[in-house]
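Residue numbers (my numbering), protein chains in the order written: chain A, 1 to 64; chain B, 1001 to 1279. Positions of the beta carbon are idealized from the N, C-alpha and C atoms, including for glycine. Predicted model only: the values in this text are computed from it and were never measured.
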């Protein structure tokens, strides 16, 4: 094993939310603007390098 | 690293020395602004190759659990933390789940029973790993170089119906997200010899054709040909994990250990480890 190198093993977090407003639930967290998402990622120390989405969800490739 | 944002669900997976758990508070705050409250949390990881390099709160699983306990709302009262061992002490699976009563009940009668499969591969085949290094002065950017790696390695054949968003890092490394309807898949690669690593993760339904799951697994391990890998399967009520060894062992890997544990709301987590059969 190398003395030091890049840590490949990931940490994975899955969070589920609920709400009562059907209008919000339809899009929910997808309503978050990019600045808010980046602020969350700042806490983690990542940034978005690429993104794609469809009618169901948004997917972001992050730095690191 | 990857982030998936659904209307009421977020999945975030990060490598290196990122401080993933620090995303919980801001995510909860932003969700609350939208009228959404946290009802369940699941945190998983393998064993770090360089644990001493990890910053707080990832300095140990114990610290991570304390951080989670302190930062999750009290209504997520059904909590469990466990380290699932394997025959290789350096390959353990760390799981923490927390759920509130509503989510716990909802999970007992879901509309569709889904599973999550997380594969962690180490000691990648050196020739195959070389494909994840950028060529010097290739005239490409991260997106175009990523697309080239996706095609060159056969990653685009794992699920041909997925839309792939890929990125190649400089000088090496690769990440991709696949989207196929409401399902995601993701691959991350650290190709450097000595600590090479690749991960694959996907979601599926227990009603999927078992042959399709087997075919996908075979394609994944053949892209990297790792000496060692683990497969963690999380599913509320079905033995999807039984198809894993059946698909992989004929290709030359042997299942060395298999452990199972139950988690409130998340269901059964099955952790299997494989090594090359010749060893």
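Are the CB atoms of residue i and residue j nearer to each other than 8 Å?
i               : j               : result
residue 1166(B) : residue 1186(B) : no
residue 1283(B) : residue 1027(B) : Because chain B spans 1001 through 1279 in this model, residue 1283(B) falls outside it and cannot be assessed.
residue 1246(B) : residue 1274(B) : no
residue 1114(B) : residue 1199(B) : no
residue 1082(B) : residue 1230(B) : no
residue 990(B)  : residue 44(A)   : Shown here, chain B extends from 1001 to 1279; a query on residue 990(B) therefore has no answer.
residue 1232(B) : residue 1118(B) : yes
residue 1223(B) : residue 1116(B) : no
residue 1067(B) : residue 1057(B) : yes
Should residue i be flagged as near chain A, meaning a C-beta pair shorter than 8 Å?
i               : result
residue 1171(B) : no
residue 1236(B) : no
residue 1026(B) : yes
residue 1143(B) : yes
residue 1162(B) : no
residue 1242(B) : no
residue 1105(B) : no
residue 1182(B) : yes
residue 1272(B) : no
residue 1195(B) : yes
residue 1221(B) : no
residue 1118(B) : yes
residue 1089(B) : no
residue 1019(B) : yes
residue 1152(B) : no
residue 1158(B) : no
residue 1233(B) : no
residue 1030(B) : yes
residue 1167(B) : yes
For the candidate residues the options, whose alpha-carbon lies nearest to that of residue i?
i               : options                            : result
residue 1121(B) : 1220(B), 1052(B), 1040(B)          : 1220(B)
residue 1183(B) : 1196(B), 1159(B), 1197(B), 1170(B) : 1159(B)
residue 1108(B) : 1250(B), 1235(B), 1059(B), 1252(B) : 1235(B)
residue 1100(B) : 1079(B), 1114(B), 1091(B), 1022(B) : 1079(B)
residue 1096(B) : 1137(B), 1257(B), 1046(B)          : 1046(B)
residue 1143(B) : 1131(B), 1133(B), 1169(B)          : 1169(B)
residue 1217(B) : 1250(B), 1197(B), 1009(B)          : 1250(B)
residue 1025(B) : 1119(B), 1154(B), 1070(B)          : 1070(B)
residue 1291(B) : 1043(B), 1009(B), 1089(B), 1037(B) : Outside the displayed range of chain B (1001 to 1279) lies residue 1291(B), so it cannot be described from this structure.
residue 1267(B) : 1007(B), 1031(B), 1008(B), 1041(B) : 1041(B)
residue 1161(B) : 1145(B), 1147(B), 1178(B)          : 1178(B)
residue 1038(B) : 1112(B), 1073(B), 1211(B)          : 1073(B)
residue 49(A)   : 19(A), 7(A), 38(A), 17(A)          : 38(A)
residue 9(A)    : 1094(B), 1007(B), 1215(B), 1008(B) : 1094(B)
residue 66(A)   : 1018(B), 1201(B), 1208(B), 1009(B) : Not covered by the structure: residue 66(A). The range shown for chain A is 1 to 64.
residue 7(A)    : 1164(B), 1193(B), 1248(B), 1213(B) : 1193(B)
residue 1240(B) : 1213(B), 1265(B), 1128(B)          : 1213(B)
residue 16(A)   : 1060(B), 1106(B), 1019(B)          : 1106(B)
Could you compute how far the alpha carbon of residue i sits from the alpha carbon of residue j?
i               : j               : result
residue 1195(B) : residue 1253(B) : 20 Å
residue 1156(B) : residue 1075(B) : 42 Å
residue 1263(B) : residue 1244(B) : 21 Å
residue 1077(B) : residue 1172(B) : 43 Å
residue 24(A)   : residue 1035(B) : 7 Å
residue 1123(B) : residue 1102(B) : 42 Å
residue 1013(B) : residue 1003(B) : 6 Å
residue 1011(B) : residue 1126(B) : 31 Å
residue 1189(B) : residue 1005(B) : 22 Å
residue 1050(B) : residue 4(A)    : 7 Å
residue 88(A)   : residue 1226(B) : There is simply no residue 88(A) to check, as chain A begins at 1 and stops at 64 in what is shown.
residue 1133(B) : residue 60(A)   : 22 Å
residue 1089(B) : residue 1048(B) : 12 Å
residue 1191(B) : residue 1130(B) : 7 Å
residue 1017(B) : residue 1032(B) : 28 Å
residue 1152(B) : residue 1146(B) : 10 Å
residue 1210(B) : residue 1062(B) : 37 Å
residue 1139(B) : residue 1148(B) : 12 Å
residue 1201(B) : residue 1265(B) : 20 Å
Identify every residue that forms a DSSP beta bridge with residue i.
i               : result
residue 1216(B) : Answer is none; residue 1216(B) lacks a bridge partner.
residue 1258(B) : 1272(B)
residue 1174(B) : 1168(B), 1189(B)
residue 1115(B) : 1204(B), 1235(B)
residue 1180(B) : 1183(B)
residue 1120(B) : 1199(B), 1230(B)
residue 1041(B) : 15(A), 1098(B)
Is there a Cβ of chain E sitting closer than 8 Å to that of residue i, yes or no?
i             : result
residue 34(A) : Structure shown: chain E not included; protein chains present are A and B.
Examine chain B for any beta-carbon lying closer than 8 Å to the beta-carbon of residue i, and answer yes or no.
i             : result
residue 38(A) : no
residue 1(A)  : For residue 1(A), the predicted model reports a pLDDT of 47, less than 50, meaning its position is unreliable and no value from the coordinates is stated.
residue 17(A) : yes
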